[in-house]
Structures are given as C-alpha cells and as structure tokens.
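Protein chains in written order, with our numbering: chain A, 1 to 200; chain B, 201 to 400. For reference, the structure discussed in these notes is given below.
There are 2 protein chains.
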Amino acid sequence: MYNSVMDHEATPRRRVRDPEAHRTAILEAARAAFAERGYARATIRDIARRAGITHGLVMRHFGSKEQLFIAAMPGPKDLEELMPGPASTLPERIARAFIERMDRADGNDPFIALIRSAASDEPTVAGLYSAMRERSAAAYRTVVTGPDAEERIDLLASQLIGITFSRYVIGSGPLADMDSERLIEFLSASLRAVLQGPEP
Amino acid sequence: MYNSVMDHEATPRRRVRDPEAHRTAILEAARAAFAERGYARATIRDIARRAGITHGLVMRHFGSKEQLFIAAMPGPKDLEELMPGPASTLPERIARAFIERMDRADGNDPFIALIRSAASDEPTVAGLYSAMRERSAAAYRTVVTGPDAEERIDLLASQLIGITFSRYVIGSGPLADMDSERLIEFLSASLRAVLQGPEP
DNA sequence: GTTACTAATGACCAACCGTTCATTACCTTT
DNA sequence: AAAGGTAATGAACGGTTGGTCATTAGTAAC
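Printed below as a string of structure tokens:
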C-alpha cells in the first residue's frame, strides 16, 4: 500500500561477493549515468541497475548520492592535463593540448562525464566553469602580459568552453564532425586574436 | 496518512479573482524559477508560491509543467534579435548585436531565463544550442562563403556560446566585469579570425 | 562441520513531485 | 436578491526519489 512500485525482483538475485569489483563497477556506472542524465536526474537505482547490483549496495559503498558523485568525478589533476602550463608558441600549444585530450577521451572519461553532468545541474556548472577559468588563469598568467591580461585569459577560457559544448556536449553538427587538425588550426587563429587583442 | 506534507495553509487564503494578472505573474515566476533551479528542479508549487497563488491554479492556466515552460520561454523571434541577418562588416555587427542585446537584458528577460534553465536540464541545453547554431547558420550562410562555411559558422556560434556562459550565466570574473565596448572589440577580432580562417 | 564476519539484498519509509478534481467563493447578469 | 459561470482553492493520488535497516547468504578460519 505504501509503495506501489516493485522494488524487488521476482526470483531472488544470485549473490556475488566481490566488493572491489562492485565498487569500480558503481563508479563506472555513476559516470555514465551522471553524464547521460545529469546529477539531479540520475538516480541511485539506475546506477545500481547499470552496475548489476542493488541500490542498497550503492549506499553501503558510498554513503550518499553526493559522496558517490564526488568519488566518481575528476580532481584538479585532470584540468592540469587539459590546460598544461606556459609554452612559447601559445595559441597552437593551447589549442592542441585541449582538442587532442578531449578528442581522445572515451565515454567513460571522468572529465567528459563531469562536463555532461554540468549541463544538468546548476551548482556543478558553476563549479566547472570557475575551475576552467581558474586553471586558465593559473596556466597562462605568466605568459599573457599587458594591462588587460586577465580579460584576455578569460576570453581564452570562454572560447574553450564554447568549443567544449558544441563539440563534446552536443556532439553533432559541423564542429563535432570537424577534423581535429583543422579545428586546432582554427582555434589557434582565434586564440591568437584574443591574446593579441584587437588591432586595426 | 497518505500525504505527510502540509499542502494547505492554516487560515484559508483570501481569493483574488484576476486571471490575466495571475497568468502574467505565473509566467514571470516561472522564468525566475526555471532560471534559478533549471527545468527539472523547478517545481510548480514553488512557482505558484512566487506568484502568490496556489499550484492548482498554475495547472489550470497552463495544463502542465512542460506547457508552462514552453509558454514562458522565448521563441525564434528572440534569437533573430540576438543574431540579426547578413551585414556587410560582419564581425563588428555580429559582436555588437549580440553583446548589446545581452547586456541590456534584465533578470526577467526570457532569453536569459532560457540560458540559465539550459544550464540545469539536458533536453533544454540541447535545444538551446541547436537553436543558436541553426540561427547562426540561417543568418550568416549567405555572407560566409567558401568550402568550409558551415564549420566557420559553427565556430562562430561556439564563441557566442562560450561568451554567454562566462559573462551571463556565471556572471562574475573579468569577462563579466568587462566593458561592453572593449568586449565587442575583442569578440570582433576573434570572430574575424574564425571567419577568415587560419592564415599563416 | 561449525562459527564468525560482513557483503549483499530488498522491504520499507518519509518526503516530494506533477496532476486531478470536488468544493468554494467571487463576479456578472438578471 | 437570486442564479450561473468560472477563477481559485486545497485535499487527495499515484509515482519516484534518497536513504535505512533487518535479514540473508557467501566465505574464510577454526
């Protein structure tokens, strides 16, 4: 009477006792679920289903949905990989590092999962963008000079954010289908314009 | 026993009979709620509370949450305003039209509300970006020529998307604080680089 | 074979959601 | 003043969610 939904299966589930394997399976399933549905719409029951276990076990391993999200998502290290430190030939290096890393990432990549999750949850999206911007600033502050350096760096980050959504979040259309090398060329030209500033 | 949540108030609510005023109040409240919490997390009860009426009345006026969302959000006209048709001096006109329109918009602007909603809901974000891209293509296809015109247009759209998130969704940091005129100059230079393509 | 430990299960709960609908109160028309 | 129409209310419902917990079943040690 209380719960009209079947929360059980017809035949009792065969028990597999393997906590470590289950833990990693949950993390993988969580990344996929958060990426597909976003944090708010992803459910623990769905994550458990993907991992081939019950939702009670997910709670046992990670305590709460939020702790599971934190455990599944990447830390600052991944951002460092995306935007490596100062380089002499700036635009090309920045463009190449970003595009090549993102193009290589598969569906289970934690950074891709974070970006897709961010598209569905407000606190997450704010955190992601501030992280990307802060990382851009930390990486390029020493090589981007001038009185408006901070603004140029922010414009740089905004370009990366725009590419990210068009190519990796939506995942279809001309930009998504574009060859990596040509995209890097275009992005380099565009970043150079931003870093050099508006010249007549 | 069935519903443990209080769905009523202690003293009966004083009834105000004004369907038109209520309708517009609901639409305003809906834009605010969707912008703040995203489509999925926004609730009809909260929208009704903001509008000063009951959630039953929201259902009466708009039938369902989805229909309310559609009614509250802007149509293609707003995108036309954001990205006007072909112009001779492309980058400057594109940059100016976009930035000036967005900077002018207040918190209740339907387009701002749509963008903020998109940051919290997956179907919405996909719809928004495809709309922005299609509008970019329709607006600039006749003036952007060459074999890779579609890709350049898509890159243009991605830059607008990136600026949108950094400046208008997050709303803080160097790019958000930047003077409109300087931003237009920077964006023009960046768009020119994309539209002209990578030249050595 | 028995015991002890704990991984794993699944029934249950409280809260909240969108939606429905009988009831009520306001306003206009007679 | 009575009636009719309908704007507005709020109780109820079915469904889903994150979280709890008593029970069960694998497994290793003795």
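Backbone N, C-alpha and C define an ideal beta-carbon position, used for all residues, glycine too.
Annotation: E236 of chain B to R15 of chain A spans about 44 Å, alpha carbon to alpha carbon. As summarised for the region 241-276 of chain B, the continuous alpha helix (DSSP H) elements at least 4 residues long and confined to that stretch are 244-251, 255-262, 265-272, given in chain order. With 16 or more other CB atoms across the displayed protein chains lying within 10 angstroms of its CB, T364 of chain B is buried. Taking H255 of chain B as the centre and dropping the five residues before and after it, the same chain places the C-beta of I244, R245, A248 closer than 6 Å to its C-beta, in chain order.
If you compare the alpha carbons of A:S180, A:T145, A:G38, A:A30 with that of A51 of chain A, the shortest gap goes to A:A30. By alpha-carbon distance to Q196 of chain A, the top candidate from A:F186, A:I70, A:L156 is A:L156.
In this structure, the beta-carbon distance from A393 of chain B to A193 of chain A falls below 8 Å. Inclusion of I161 of chain A and S366 of chain B in the CB contact set at 8 Å is warranted, their separation being smaller than that value. Think of a sphere of 7 Å around the beta carbon of D154 of chain A: the chain B residues whose beta carbon falls inside it are S366, G373, P374, L375, in chain order. The Cβ of Q159 of chain A sits closer than 8 Å to at least one Cβ of chain B. Here the C-alpha atom of P19 of chain A lies approximately 10 Å from the C-alpha atom of A25 of chain A. With 16 or more other Cβ atoms inside 10 Å of its own Cβ, R152 of chain A counts as buried.
The alpha-carbon separation between I70 of chain A and I253 of chain B amounts to approximately 38 Å. The beta carbon of V144 of chain A is closer than 7 Å to those of R152, I153, L195 in its chain, skipping five residues each way along the sequence.
Annotation: P74 of chain A to L191 of chain A spans about 26 Å, alpha carbon to alpha carbon.
Within the region 32-45 of chain A, the residues whose Cβ lies closer than 9 Å to any Cβ of chain B are, in chain order, E36, R37, G38, A40, R41. Where S388 of chain B is concerned, the enclosing alpha helix (DSSP H) starts and stops at 380-396.
Taking a Cβ-Cβ threshold of 7 Å, the residues of chain A close to M378 of chain B are E151, in chain order. Around the beta-carbon of Q67 of chain A, fewer than 16 other beta-carbon atoms lie within 10 Å, marking it exposed. Across the structure, H261 of chain B and G238 of chain B are spaced so that their CA atoms are roughly 21 Å apart. Chain A places a beta carbon closer than 8 Å to that of S390 of chain B, counting this residue as a contact. For D354 of chain B, the uninterrupted alpha helix (DSSP H) run begins and ends at 349-363, by DSSP. Residues of chain A whose Cβ lies closer than 8 Å to the Cβ of V394 of chain B are, in chain order, F186, A189, S190.
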